[in-house]
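Residue numbers are given in UniProt numbering: position 169 of the sequence shown equals residue 169, and the series is strictly consecutive. Below is one structure; the comments refer to it alone.
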Amino acid sequence: MDTAISHPLSKNQVTLVGFTFALLAAIGFSAKAIFVKLAYVYPVDAVTLLALRMAFSAPVFLGLALWFGLNKMSPRLTRNDWFAVVGLGLLGYYLSSLLDFLGLQYISAGLERLILFLYPTIVIILSALYFSHKIDKKTIIAILLSYAGIALVFLQNITLTQTGIVLGSLLVFASTISYAIYLIGAGQSIARIGGMRFMAYAMSVASIATLIQFAAIHPLSKLQLPLQVYELGMAMAVFSTILPAFFLAASIRKMGSGRTSMIGSIGPVTTIYMAHLFLGESITALQIAGSGLVLIGVLSISRH
Numbered sequence: 001m002d003t004a005i006s007h008p009l010s011k012n013q014v015t016l017v018g019f020t021f022a023l024l025a026a027i028g029f030s031a032k033a034i035f036v037k038l039a040y041v042y043p044v045d046a047v048t049l050l051a052l053r054m055a056f057s058a059p060v061f062l063g064l065a066l067w068f069g070l071n072k073m074s075p076r077l078t079r080n081d082w083f084a085v086v087g088l089g090l091l092g093y094y095l096s097s098l099l100d101f102l103g104l105q106y107i108s109a110g111l112e113r114l115i116l117f118l119y120p121t122i123v124i125i126l127s128a129l130y131f132s133h134k135i136d137k138k139t140i141i142a143i144l145l146s147y148a149g150i151a152l153v154f155l156q157n158i159t160l161t162q163t164g165i166v167l168g169s170l171l172v173f174a175s176t177i178s179y180a181i182y183l184i185g186a187g188q189s190i191a192r193i194g195g196m197r198f199m200a201y202a203m204s205v206a207s208i209a210t211l212i213q214f215a216a217i218h219p220l221s222k223l224q225l226p227l228q229v230y231e232l233g234m235a236m237a238v239f240s241t242i243l244p245a246f247f248l249a250a251s252i253r254k255m256g257s258g259r260t261s262m263i264g265s266i267g268p269v270t271t272i273y274m275a276h277l278f279l280g281e282s283i284t285a286l287q288i289a290g291s292g293l294v295l296i297g298v299l300s301i302s303r304h
């Protein structure tokens with residue numbers, strides 16, 4: 001009888017696997033805006049749509065949180081850890097998602113993804129303001145390039161007479177600030193608790209908060225929606241929430257957070273092309289130029 005011999009993966013194979021996971025995560029997260037815009041064709045509001053996304057994804061994260069809680073090998077959480085999980089979960093996954101969904105009612109999927117992609121610049125700026133971290137000239141130039149790119153895409157959307165673009169952009173930018181604050185605050189907690197465990201707890205908190213909000217402001221009759229909305233909500237939960245979260249964690253384990261974040265920069269590009277393919281959003285030279293400036297700026301900060 002033949003005996004199977006397992007060989008460890010080579011360094012190149014590990015990198016390829018990590019790259020594949022990072023790419024799938026970036027595409028999955030980018031597709032969220034597409035699902036949201038497709039759902040808004042039907043009579044559904046942001047709170048209800050977000051509740052559907054969280055309701056479909058909550059069992060996975062609650063199950064994962066329970067597994068970590070019962071695992072005796074996991075470090076025991078202190079009261080401060082729980083405060084961090086609840087506070088940052090509400091800030092980074094609940095509030096940020098709600099503001100993003102509200103903003104997508106008014107702006108294109110491509111512009112939304114570019115604004116969200118500014119979060120590294122906001123992390124730098126907030127760190128400088130609150131922790132007295134110095135910003136060198138190269139970083140300042142990178143930040144200016146990023147916001148110049150957003151300005152180009154923003155102006156192009158205005159020329160297309162898109163209504164509510166200012167409100168939508170401000171809502172998504174507020175979402176980006178919320179997520180940046182979450183990243184700054186989550187660093188120590190993630191180091192102590194573990195990335196996947198922290199994410200499971202934080203997402204569980206956000207899911208519960210979202211469902212409570214829906215129950216508080218909407219009657220159950222609001223759930224009488226076309227089947228297509230439920231299908232899009234399920235797709236959003238599976239392909240733009242659950243799977244990307246696991247792909248991202250797997251990629252970081254394979255090749256580290258630095259390389260993973262670099263590959264994630266493909267997100268805005270994939271959103272623009274998916275928006276063109278599925279939503280009929282135009283791709284113009286001005287949009288490409290603006291996107292290029294944002295990518296150059298953010299990548300420069302990431303490498304710094």
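Think of the CB as a built atom: it goes at the ideal place given N, C-alpha and C, for glycine as much as any other residue.
How many Å lie between residue i and residue j at the Cα?
i	j	result
Y106	S169	8 Å
N71	M196	14 Å
L99	I27	21 Å
L232	Q224	15 Å
S6	S57	Only weak support exists for where S6 lies, its pLDDT of 43 falling under 50; the value from the coordinates is given anyway. When rounded, the distance between both Cα atoms is 35 Å.
A4	S189	Only weak support is given to the placement of A4: the predicted model assigns it a pLDDT of 43, under 50, and the value that follows is read from those uncertain coordinates. Going from the Cα of A4 to the Cα of S189 covers about 42 Å.
I266	L23	8 Å
L102	A51	13 Å
L111	G292	13 Å
T48	I165	22 Å
K134	A128	6 Å
L104	I34	10 Å
T284	T271	14 Å
T241	H218	24 Å
D45	F214	11 Å
What span of residues does the alpha helix (DSSP H) with residue i cover, start to end?
i	result
E231	L227 to A237
residue 380	There is no way to answer for residue 380, as the model of the chain reaches only from 1 to 304.
I184	I165 to I193
I115	A109 to L116
P75	It is not in any alpha helix (DSSP H) - P75 carries neither H nor E in the DSSP assignment.
L279	Careful: L279 lies outside any alpha helix (DSSP H) and carries neither H nor E.
P219	P219 -> no alpha helix (DSSP H), and no H or E assigned at all.
S57	A46 to L70
Secondary structure at residue i, three-state DSSP: helix, strand or coil?
i	result
Y201	helix
S6	Legend: pLDDT at S6 = 43, less than 50; position of this residue unreliable, value from coordinates given subsequently. Three-state DSSP puts S6 in coil, outside helix and strand.
F83	helix
I135	coil
N41	A quick correction: the sequence has Val, not Asn, at residue 41. V41: coil per DSSP, three-state reduction.
Q224	coil
G290	helix
Q105	coil
M1	Its pLDDT being 39, under 50, M1 is placed unreliably by the model, and nothing is read from it.
Measure the Cβ-Cβ separation of residue i and residue j and say whether it is below 8 Å.
i	j	result
L118	A289	no
G92	A202	yes
P75	I301	no
F21	S251	yes
S97	A275	no
L90	V205	yes
V229	A39	yes
I193	D81	yes
V294	L114	yes
I143	I124	yes
G149	G297	yes
Let me check understanding here. Comparing Cα to Cα, which of the options lies closest to residue i?
i	options	result
A200	L16, T20 and L62	L62
T15	S291, I263, M54 and V60	I263
V198	I158, A209 and A245	In the sequence as presented, Val is not what sits at residue 198; that position holds Phe. Closest option to F198, Cα to Cα, is A245.
I122	F173, S132 and D81	F173
V17	V36, S127, A249 and L286	A249
F29	I283, A235, R259 and G297	A235
P43	F239, R253, K222 and K138	K222
A177	I208, K37 and L88	In the sequence on display, residue 177 carries Ile and not Ala. Among I208, K37 and L88, the Cα nearest to that of I177 is on L88.
L95	L299, I193 and I181	I181
Q156	Q287, G297 and V294	Q287
L277	A25, K37 and F19	K37
V41	P226, V298 and K254	P226
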